[in-house]
Amino acid sequence: MNQGTHPKELPAEVLDDVASVVGAEVTLLSRLPGGVNGGAMRVRLAGRANAVLKAVPRAHPNHLDETLRAQRVVEHMRRRGYPTPAWLGVGATATHVWHLMDFVDAAPAPDLAPSLIEQLMEIIELQAGQASEPYDHWSYAWRVATGQESAVAGLDFNETPEQSRLRQSVARLSGYSSVVSALVERLRLVCADVPPPREAPDMVHADLSTPSNILVRDGTVVAVVDIGNAGSGTRATDLTALVWSTFQDPLLDGVRRRLWTRILDLVGWEGAAVLAAAQILLMLEVPIRHGRHDVVPGVVKRGHRALDELNALR
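The numbering of the sequence shown is the UniProt record's numbering, which starts it at 1 and goes up by one.
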């Protein structure tokens with residue numbers, strides 16, 4: 001077994017609940033690689049093919065509703081040819097929320113090479129006009145980037161508890177250091193006069209830049225997973241997350257230029273600035289929250305570089 005959430009640590013009542021929903025006995029086989037936010041486990045369904053079970057501790061009262069929303073997004077997108085595995089069941093116990101999906105015989109991408117990013121750009125185009133759930137990543141990015149509440153702009157919105165927690169944590173970043181404060185101030189100034197977005201036409205995956213969410217076979221993307229945070233907005237959100245990943249490797253400079261061009265085509269310079277600022281702030285929040293102080297200078301440097309590149313395209 002890999003380190004992390006071992007199958008033996010999963011409460012028996014979770015397996016009982018899965019079996020009652022799918023109508024088949026469930027046998028745990030092994031923990032799968034990846035699964036940063038929760039253990040993904042390969043299981044055998046009696047008389048049926050293998051599947052993947054992801055069970056996470058129940059975080060708040062609406063956790064199951066959020067997972068059911070993700071299931072609806074999966075069903076909607078699969079009907080349109082989006083390469084994500086079918087969900088076989090969703091449920092919850094007193095302590096956990098779980099979903100079961102088809103097993104895909106492919107490996108998580110070791111990194112986001114140029115060819116994989118090109119393929120992901122094509123997959124993201126399948127998200128165009130496919131917003132099906134009122135979970136708006138576009139307006140959320142604006143709130144993160146500007147530091148404003150939607151009520152100030154006369155907007156009505158619903159945030160998940162996780163979104164609210166992250167946004168409140170971002171609001172405290174300036175207190176970390178003068179260097180971080182300077183970057184936050186630069187981002188706020190760039191977005192200060194940008195009005196809130198009005199439309200949310202596309203489906204947004206919201207975590208396509210994580211290599212372990214991209215399943216690859218023989219250099220080809222065969223599936224994208226971890227769709228639990230998917231919602232609506234602009235697909236430029238996912239392209240912007242890919243931009244952030246490309247700064248790690250000089251070989252990705254060329255594909256990053258194509259990403260910037262596509263983002264600007266979709267949302268214009270102000271929209272790109274909002275999405276970039278939100279991405280940078282959220283990427284700053286993670287290492288600061290986890291006390292990974294050695295990582296912060298690199299994130300700050302990358303944040304300034306992203307803004308410099310975007311300014312050059314204005």
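Virtual Cβ for every residue (Gly too), placed ideally from N, Cα, C.
Model, not experiment: these values are computed from the prediction.
Query	Result
Cα-Cα separation, Y140 to A46	42 Å
Beta-carbon gap between V224 and A106 smaller than 7 Å	no
Three-state secondary structure assigned by DSSP to T234	coil
The region 126–145 touching the region 61–81, judged by at least three CB pairs closer than 8 Å	yes
Option in T261, I124, V190, V90 with minimal Cα separation from D207	I124
Whether R161 touches H60 by CB criterion (7 Å)	The displayed chain sequence assigns Pro, not Arg, to residue 161. For P161 and H60, yes; Cβs fall inside 7 Å.
Whole-angstrom C-beta distance between P287 and V295, which should lie under 8 Å	4 Å
The region 93–112 contacting the region 187–204, beta-carbon criterion three pairs below 8 Å	no
CB of residue 320 within 7 Å of CB of V144, strictly	Any answer about residue 320 is impossible in this case: the structure gives the chain only from 1 up to 314.
Cut-off 6 Å between Cβ atoms - residues of its own chain near L183, not counting five sequence neighbours on either side	V300, G303
Classification of P85 by the beta-carbon crowding that lies within 10 angstroms, buried from 16 upward	buried
Where G231 falls, given that 16 or more other Cβ within 10 Å makes a residue buried	buried
Touching by the beta-carbon criterion (3+ pairs, under 8 Å), the region 101–118 and the region 211–219	yes
Which residues DSSP lists as bridging H99, in chain order	K54, V90
Buried/exposed call for H293, threshold 16 Cβ in 10 Å	exposed
Cβ neighbour criterion (16 or more within 10 Å) applied to S181	exposed
Element boundaries [beta strand (DSSP E), containing T220]	220–224
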